[in-house]
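J.:
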Amino acid sequence: MVTSTPSNQAANASPLDPSGPSTVSLEQHEVQKGVRQAGINPNFWYAVAWSNQLAAGQVLGVEVWQQKIALYRDRSGAVQALEDACPHRGVELSRGKVIGDHLACRYHGWEFDGTGQCRQIPYLPPSQKLPCAHAQSYRAADRYGIIWVFPGDQSLVEQVPLPGIPEFDDPQWLAVPVTGYFRAHFSVCNENSMDVFHGFLHEELQGWFDPVLLKLKDEGNAIVADYQVSYQGQMAKFLGFTESADEVTTKTVTVQYRYPHFFSQLEGVSSLYLMRLPVGLRESRSFAIFFLRLGLPGWLVQAVRPWAAKLIEQKIFMRFLNQDIEMMESEQRAIDRDPQRRYVEINPAIIAVQRMIVRQYRCFLDGQAKSEKYSSEKS
Ligand code: FES
Ligand SMILES: [Fe+2]
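Pasting the structure below:
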């Protein structure tokens with residue numbers, strides 16, 4: 000899991016009741032100002048693509064909060080990440096091609112290594128020195144079938160571990176990857192992920208019902224909410240929550256907003272790791288892995304995985320997700336029509352998510368202002 004870093008620690012503020020009442024009351028709360036315009040704290044790992052989207056020798060353009068990044072996989076299979084602008088004329092490096100361990104720009108063929116240093120210019124006579132041309136590079140990782148990038152201050156990267164996904168290496172869990180694309184600010188998407196009270200939307204898909212917020216904790220870099228939910232119907236039976244479709248089962252789902260991602264657990268039966276990728280003010284993506292414990296031996300789970308994962312993704316997840324996308328994009332259109340309009344919220348978990356977004360962004364801006372002050376004093 001992501002832990003505190005020096006620049007992130009200051010974001011720890013406004014704790015809710017640490018002991019947590021048996022249920023949390025739902026009262027009218029003030030929606031956080033500025034949350035729909037908030038940027039990100041880039042000093043975390045962000046999921047930017049699935050590993051299988053980038054074969055050896057390929058290039059892929061991605062974007063993390065208005066920062067365009069060119070990914071390429073070099074000869075050794077390692078993923079490299081460079082700013083998507085050639086230091087020569089600014090052409091996107093993601094239009095280029097991989098030559099050995101270098102990324103060559105499409106326009107004049109200047110070649111850059113994984114550190115962003117220019118190593119070769121095809122038309123430069125060997126007697127002449129290479130110019131000092133350098134593209135910003137970012138640390139990248141390839142783990143859990145996901146390509147991750149650390150887009151922030153590169154000196155902090157060692158202090159921020161990748162999120163831990165222990166189910167990934169356990170063959171007894173069936174892993175279902177799900178990709179999301181939303182024409183909405185990431186705060187709108189994050190609130191949807193924390194909002195267990197919208198079972199109404201998924202009623203005809205036989206989602207969950209009778210939600211109760213049991214506990215809410217602010218752990219600084221994480222908001223942790225326990226909800227009680229009930230299931231009944233074919234979907235609950237299919238996922239192994241109940242023995243028969245008419246049986247009602249009541250479970251506790253724990254939803255954690257561990258900035259900048261979401262992790263939720265349903266009593267050891269299933270887990271969801273949802274990695275949010277904020278792209279721009281009205282564009283977000285997600286790379287999620289849903290894990291289901293089928294109660295079968297690991298070898299059998301892995302044998303059925305290719306078709307079972309596809310089936311669950313298409314028949315369950317995409318149907319839920321498409322309903323959510325419709326709501327989130329409608330919400331975003333209302334925000335765009337009248338950005339000043341105030342809305343009413345009664346779920347304190349949503350307000351806690353908004354606070355986290357705003358304070359992480361402020362924390363990043365404060366850190367930036369401090370380092371700018373420091374460098375201007377030094378010069
Ligand atoms: S613009 Fe990239 S090599 Fe000229
Ligand atoms: Fe939903």
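In numbering that gives the first Met the number 0, the protein residues as written are 0 to 378. Don't be surprised by glycine CBs; every beta carbon is placed ideally from N, CA and C. Note that the coordinates shown come from a computational prediction; the quantities given were computed from them, not determined experimentally.
So, with DSSP's three-state summary, where would you put PRO20?
T.: As a working note, residue 20 is residue 21 in the sequence shown. With a pLDDT of only 46 at PRO20, under the threshold of 50, the placement of this residue in the model should not be trusted; the figure read from the coordinates follows. Note: PRO20 maps to coil in three-state DSSP.
J.: For the putative contact between LEU70 and VAL63, defined by C-beta atoms under 8 Å, what is the C-beta separation to the nearest angstrom?
T.: Position 71 of the sequence shown, counted from the start, is the residue given in the question as residue 70. Position 64 of the sequence shown, counted from the start, is the residue given in the question as residue 63. The pair is not a contact, with the Cβ atoms about 11 Å apart (cut-off 8 Å).
J.: Can you tell which of TRP147, PHE196, ASP112, HIS28 has the C-alpha that lies nearest to the C-alpha of VAL401?
T.: Examination of residue 401 is not possible in this model, given that the chain is present from 0 through 378 alone.
J.: Can you find the residues in the same chain that come closer than 7 Å, C-beta to C-beta, to GLY95, ignoring five residues on each side of it along the sequence?
T.: Walking along the sequence shown from the start, residue 95 turns up at place 96. Here the set comprises VAL58, LEU102, ALA103, CYS104, ARG105.
J.: In angstroms, rounded to a whole number, what distance separates the CA positions of SER374 and LEU364?
T.: Along the sequence shown, one-based indexing puts residue 374 at 375. Along the sequence shown, one-based indexing puts residue 364 at 365. Rounded to whole angstroms, the gap between the alpha carbons of SER374 and LEU364 is 15 Å.
J.: In terms of DSSP beta bridges, what is GLU79 paired with?
T.: Within the sequence shown, the letter at position 80 stands for residue 79. The residue you asked about is not Glu; residue 79 is Gln in the sequence shown. According to DSSP, which records beta bridges pairwise, GLN79 is partnered with TYR71.
J.: Go through the stretch 152-240 residue by residue and report every complete run of the beta strand (DSSP E) that reaches 3 residues or more, in order.
T.: 172-181, 207-217, 221-230
J.: Quick check: what's the CA-CA separation for GLU26 versus LEU204?
T.: For the purposes of this step, residue 26 is identified with residue 27 of the sequence shown, where counting begins at 1. For the purposes of this step, residue 204 is identified with residue 205 of the sequence shown, where counting begins at 1. Rounded to the nearest angstrom, the two C-alpha atoms are 29 Å apart.
J.: Out of LYS236, LEU320, ASP73, VAL195, point me to the one whose CA is closest to LEU293's CA.
T.: Taking the sequence shown and counting its residues from 1, the one referred to as residue 293 is at position 294. For LEU293, the nearest C-alpha among the options comes from LYS236.
J.: Tell me whether LEU141 sits in a helix, a strand or coil according to DSSP, three-state version.
T.: Taking the sequence shown and counting its residues from 1, one reaches residue 141 at position 142. Inspection of the sequence shows that residue 141 is occupied by Asp rather than by Leu. Note: ASP141 maps to strand in three-state DSSP.
J.: Could you tell me whether the stretch 324-333 touches the stretch 243-254, using the rule of 3 or more Cβ pairs below 8 Å?
T.: The stretch 324-333 makes no contact with the stretch 243-254; the number of CB pairs closer than 8 Å stays below 3.
J.: Cβ of GLY108 within 7 Å of any heavy atom in ligand 1?
T.: Translated into the one-based positions of the sequence shown, residue 108 becomes position 109. True, at least one ligand heavy atom lies under 7 Å from that Cβ.
J.: Flag this pair as yes or no: are the beta carbons of ALA139 and TRP147 separated by less than 8 Å?
T.: Taking the first residue of the sequence shown as position 1, residue 139 is located at position 140. Taking the first residue of the sequence shown as position 1, residue 147 is located at position 148. Contact check for ALA139 against TRP147 passes: the beta carbons are separated by less than 8 Å.
J.: Could you compute how far the alpha carbon of LEU200 sits from the alpha carbon of ALA48?
T.: Translated into the one-based positions of the sequence shown, residue 200 becomes position 201. Translated into the one-based positions of the sequence shown, residue 48 becomes position 49. If you take the alpha carbons of LEU200 and ALA48, they lie about 29 Å apart.
J.: Got a sec? Which residues, its chain only, sit under 6 Å from TRP207 by beta carbon, not counting five neighbours each side?
T.: The sequence position of residue 207 within the sequence shown is 208, counting from 1. Excluding positions up to five away in sequence, the list reads GLY198, VAL228, TYR230.
J.: From the DSSP output, in three-state form, read off TYR360 for me.
T.: Here residue 360 is taken as the residue at index 361 of the sequence shown, counted from 1. Residue state, collapsed to three classes: helix.
J.: So, are the CB atoms of GLY279 and GLN65 less than 8 Å apart?
T.: On the sequence shown, position 280 is the one that residue 279 refers to. On the sequence shown, position 66 is the one that residue 65 refers to. Going by C-beta atoms, GLY279 is nearer than 8 Å to GLN65.
J.: Can you find the residues in the same chain that come closer than 6 Å, C-beta to C-beta, to TRP109, ignoring five residues on each side of it along the sequence?
T.: If you number the sequence shown from 1, residue 109 lands on position 110. Cβ neighbours of TRP109 beyond the five flanking positions: HIS87, CYS117, ILE120.
J.: How do the stretch 337-355 and the stretch 214-226 stand: do at least 3 beta-carbon pairs fall below 8 Å, yes or no?
T.: yes
J.: Which residue from VAL247, TRP172, GLY144, VAL34 puts its Cα closest to that of PRO296?
T.: Here residue 296 is taken as the residue at index 297 of the sequence shown, counted from 1. Of VAL247, TRP172, GLY144, VAL34, the residue nearest in Cα terms is TRP172.
J.: Would you mind sorting ARG275 into buried or exposed? The rule is 16 or more other CB atoms within 10 Å of its CB.
T.: Locating residue 275 in the sequence shown gives position 276, counting from the first residue. ARG275 comes out buried.
J.: Using C-beta distances below 6 Å, list every residue in its chain close to ALA368, excluding the 5 sequence neighbours before and after it, in chain order.
T.: To locate residue 368, count along the sequence shown from 1; it is residue 369. The answer is none, since no qualifying residue turns up.
J.: Mind checking whether the beta-carbon of ASN191 lies closer than 7 Å to any heavy atom of ligand 2?
T.: Here residue 191 refers to the residue found at position 192 when the sequence shown is read from its first residue. Relative to the non-hydrogen atoms of ligand 2, the Cβ of ASN191 comes within a distance shorter than 7 Å of at least one.
J.: Measuring CB to CB, does VAL177 end up less than 8 Å from PHE290?
T.: Position 178 of the sequence shown holds residue 177. Position 291 of the sequence shown holds residue 290. Against a cut-off of 8 Å, the Cβ pair of PHE290 and VAL177 comes out as no contact.
J.: Return the CA-CA distance between GLU82 and ARG72, expressed in angstroms with no decimal places.
T.: Here residue 82 corresponds to residue number 83 of the sequence shown, with the count starting at 1. Here residue 72 corresponds to residue number 73 of the sequence shown, with the count starting at 1. If you take the alpha carbons of GLU82 and ARG72, they lie about 15 Å apart.
J.: Report back the beta-carbon spacing between ASN191 and ASP323 to the nearest angstrom; my notes put them in contact at under 8 Å.
T.: Walking along the sequence shown from the start, residue 191 turns up at place 192. Walking along the sequence shown from the start, residue 323 turns up at place 324. That pair is a contact at about 5 Å.
J.: Going by the beta-carbon positions, is the gap between VAL30 and ARG341 smaller than 8 Å?
T.: The count along the sequence shown starts at 1 and reaches residue 30 at position 31. The count along the sequence shown starts at 1 and reaches residue 341 at position 342. Contact: yes.
J.: Nearest CA to the CA of ILE68: which residue from SER136, PRO41, TRP44?
T.: The sequence position of residue 68 within the sequence shown is 69, counting from 1. Of SER136, PRO41, TRP44, the residue nearest in Cα terms is SER136.
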